[in-house]
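In the working numbering, the protein residues as written are 2 to 602.
No residue lacks a Cβ here, since even glycine has one placed at the ideal position from N, Cα and C.
Step one of this worksheet: look at the structure below.
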């Protein structure tokens with residue numbers, strides 16, 4: 002999206018392929034495979050789940066209790082795979098639950114796309130069936146298996162997407178039709194969809210099972226280092242005097258509270274915020290999160306690949322430690338003069354990186370940032386600074402064919418463990434995929450409520466109660482506050498910048514920024530920008546970053562933001578949804594291609 006960049010030309014997967022939409026049916030290689038593989042794999046999984054549901058029965062090897070749980074898992078898998086398809090490809094064909102007779106002709110096997118609303122409702126139905134059967138908790142050996150909360154959370158996400166501008170009354174998609182000319186995206190705006198999304202998120206909240214994770218305050222440690230002493234946020238008359246349980250940050254470490262969610266310090270079964278994870282799959286050497294963290298780490302001392310970074314836009318999105326927005330025009334210039342002069346910073350760090358919110362330091366590997374690497378054998382490879390100036394070990398190289406440098410001059414720290422190192426003697430730390438977090442549910446709830454102008458009566462998932470849903474300002478504040486407090490910053494209306502909760506448009510902007518910060522690298526922003534219809538603006542802007550042609554001797558000019566030619570982007574309507582493979586279109590004569598992409602004929 003517009004938040005991260007990568008440089009991996011040797012892998013056959015070019016950044017420009019994605020950014021310029023060069024991944025359609027006419028392109029081959031790895032790009033081609035990565036775009037079409039999810040379609041085939043998802044429908045194969047759907048087929049297997051349907052077969053299982055048709056044929057599984059209790060018996061000597063499957064107890065009655067186990068039988069019902071397995072059925073719940075199968076309903077979840079079927080619904081979840083449709084959700085993954087819907088998010089990528091838009092409206093997709095919903096196959097008969099009883100399966101397909103593969104002995105009949107291709108003509109009889111042809112199914113058209115269902116509408117987006119039909120897909121969302123089908124996913125909801127599957128998740129309700131799953132929620133009725135699934136367990137509420139899993140032990141450590143089966144922690145990645147779905148639960149009741151997982152099913153309800155996926156249902157909430159499907160409803161939120163269906164309510165969003167791309168799918169809810171969008172004339173721009175009027176030409177997206179099936180083989181009979183039926184429009185697949187709703188052309189009439191329906192506000193009640195937001196109410197259903199809010200109620201679905203509330204279903205998850207009212208389970209009372211999940212909560213925002215916080216790490217305890219650390220009273221030992223230095224002012225900087227892999228595990229520094231807790232840096233208390235600027236004094237707040239309420240939050241600085243209250244413990245977390247009382248509604249404050251007095252006894253927590255905001256930096257550790259956030260980064261531990263992703264870097265392997267927090268075991269998955271100890272994380273009360275994690276609703277669903279695909280944990281073990283993330284060990285993949287090429288595509289897993291553990292591999293991603295190595296792509297982010299420095300070459301020089303960390304043994305990493307130094308080719309994943311973030312954009313100047315993303316860097317500037319993080320606010321100040323008092324909760325106010327970062328303002329480049331008024332930000333201080335110059336460099337730190339000694340270690341610990343500012344929280345988390347060592348000597349020679351650009352002052353624009355000082356006094357930023359804790360999530361900034363957990364996520365951004367700015368030039369001069371400290372990398373932990375404390376598991377490395379050699380002391381020189383532990384707790385070291387990395388600079389991205391021209392000619393430096395991890396900066397832009399004199400040899401143009403060397404791709405191990407970050408074009409924006411801004412690296413990414415999120416997901417990297419402070420102990421992690423690929424240098425001699427170092428250890429890699431397993432990570433889990435935070436597929437759905439409770440923070441997401443809270444922000445989804447606030448977002449959905451913010452779009453309402455009327456009051457709605459929506460039944461709970463199990464029909465036991467009816468929610469009265471409206472633009473409830475106290476409810477929105479209560480949903481956003483834990484996410485902000487964990488990050489060590491006050492709520493939006495407490496930073497002296499007005500009260501966006503009284504203005505739907507301003508709160509919409511604030512929530513979009515919150516999601517941009519909170520979910521960096523979690524496979525959210527790409528889809529958020531599309532469902533909001535913000536992608537045409539945000540993804541067509543030029544990518545800015547530091548001036549990587551500047552050497553250390555002229556370092557103050559390195560931080561003047563410039564256009565980065567090698568990681569530019571473009572936008573066209575076809576990038577809203579992924580294309581379907583020519584071979585699939587040939588097999589299924591009723592299947593229509595996504596808007597903007599060529600069909601085989």
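Point to revise | Assigned secondary structure, residue 168 (DSSP; H/G/I helix, E/B strand, else coil) | key: Three-state result, residue 168: coil.
Check your understanding: Is the beta carbon of residue 123 sitting closer than 8 Å to the one on residue 81?
Key -> no
Check your understanding: Okay, do the stretch 470-478 and the stretch 291-298 touch, 3+ Cβ pairs below 8 Å being the bar?
Key -> no
**Study point:** Of the residues 420, 74, 154, the one placed nearest residue 445, counting alpha carbons only
**Key:** Checking every option, the nearest Cα to that of residue 445 belongs to 154.
Review point. Taking the C-alpha atoms as reference points, what is the distance between residue 98 and residue 51?
Key: 6 Å
Exercise for review: Tell me whether residue 498 is buried or exposed, calling it buried when 16 or more other Cβ atoms sit within 10 Å of its Cβ.
Suggested key: exposed
Point to revise | Extent of the continuous beta strand (DSSP E) run through residue 97 | key: Residue 97 -> no beta strand (DSSP E), and no H or E assigned at all.
Practice item. Tell me whether residue 114 sits in a helix, a strand or coil according to DSSP, three-state version. Key: coil
Exercise for review: Determine the contact status of residue 449 and residue 195, defining contact as a CB-CB distance below 8 Å.
Suggested key: yes
Check your understanding: Assuming residue 173 contacts residue 213 under a Cβ cut-off of 8 Å, what Cβ separation, rounded to an integer in Å, is found between them?
Key -> Their Cβ separation, rounded to whole angstroms, is 37 Å, which puts residue 173 and residue 213 out of contact at 8 Å.
Exercise for review: Enumerate in chain order the residues of its own chain whose CB-to-CB distance from residue 243 is below 6 Å, with the five nearest sequence positions on each side excluded.
Suggested key: Taken in chain order, the residues that qualify are 249, 251.
Exercise for review: Determine, using beta carbons only, whether residue 389 and residue 547 come nearer to each other than 8 Å.
Suggested key: yes
Exercise for review: Would you mind sorting residue 74 into buried or exposed? The rule is 16 or more other CB atoms within 10 Å of its CB.
Suggested key: buried
Check your understanding: Can you name, in chain order, every residue of its own chain whose Cβ lies under 7 Å from the Cβ of residue 438, other than the five neighbours on each side?
Key -> 274, 275, 276
Review point. What separation, rounded to the nearest whole angstrom, lies between the Cα atoms of residue 41 and residue 327?
Key: 44 Å
Exercise for review: Give, in chain order, every unbroken run of the beta strand (DSSP E) that is at least 3 residues long and sits entirely within the stretch 278-347.
Suggested key: 309-311
**Study point:** Where residue 558 falls, given that 16 or more other Cβ within 10 Å makes a residue buried
**Key:** Under this definition residue 558 is an exposed residue.
Check your understanding: Does DSSP put residue 73 in a helix, in a strand, or in coil?
Key -> helix
**Study point:** Cα-Cα separation, residue 336 to residue 580
**Key:** 48 Å
Review point. How many Å lie between residue 592 and residue 534 at the Cα?
Key: 25 Å
Check your understanding: Would you call the stretch 155-173 and the stretch 122-137 in contact, with 3 or more CB pairs under 8 Å?
Key -> yes
Exercise for review: Grab the span of the alpha helix (DSSP H) containing residue 445 for me, first residue to last.
Suggested key: 439-451
Review point. How many whole angstroms separate the CB atoms of residue 112 and residue 94, which I take to be in contact at a CB cut-off of 8 Å?
Key: Rounded to whole angstroms, the Cβ separation of residue 112 and residue 94 is 4 Å, and the two are in contact under 8 Å.
Check your understanding: According to DSSP, is residue 593 helix, strand or coil?
Key -> coil
Review point. Considering only the beta carbon of each residue, do residue 361 and residue 374 sit closer than 8 Å?
Key: no
**Study point:** Minimum C-alpha distance to residue 231 - residue among 55, 175, 216
**Key:** That would be 216, whose Cα lies nearest to the Cα of residue 231.
Practice item. Take residue 86 and list the residues in its own chain whose beta-carbon comes closer than 6 Å to its own, dropping the five residues that flank it on each side. Key: Once the five neighbours on either side are set aside, the close Cβ partners of residue 86 are 43, 93.
Point to revise | Separation of residue 585 from residue 19, as counted between CA atoms | key: 21 Å
Point to revise | Beta-carbon spacing of residue 239, residue 395 below 8 Å | key: no
Check your understanding: Of the choices 519, 312, 376, 131, whose alpha-carbon is the least far from that of residue 564?
Key -> 312
Point to revise | Cutoff 7 Å; reference residue 478; Cβ partners in own chain excluding five residues on either side | key: The beta carbon of residue 478 sits closer than 7 Å to the beta carbons of 492, 502 from its chain, once the five residues preceding and following it are set aside; these are given in chain order.
Practice item. Name the residue from 7, 269, 22 whose alpha carbon lies nearest to the alpha carbon of residue 142. Key: 269
**Study point:** Buried versus exposed, by CB contacts within 10 Å (16 or more), residue 3
**Key:** buried
Exercise for review: Go ahead and pull the three-state DSSP assignment for residue 412.
Suggested key: strand
Check your understanding: residue 5 lies in the beta strand (DSSP E); which residues open and close that run?
Key -> 5-7
Exercise for review: To the nearest angstrom, report how far apart residue 12 and residue 601 are at their CA atoms.
Suggested key: With a pLDDT of only 45 at residue 12, under the threshold of 50, the placement of this residue in the model should not be trusted; the figure read from the coordinates follows. For residue 12 and residue 601, the distance between alpha carbons rounds to 28 Å.
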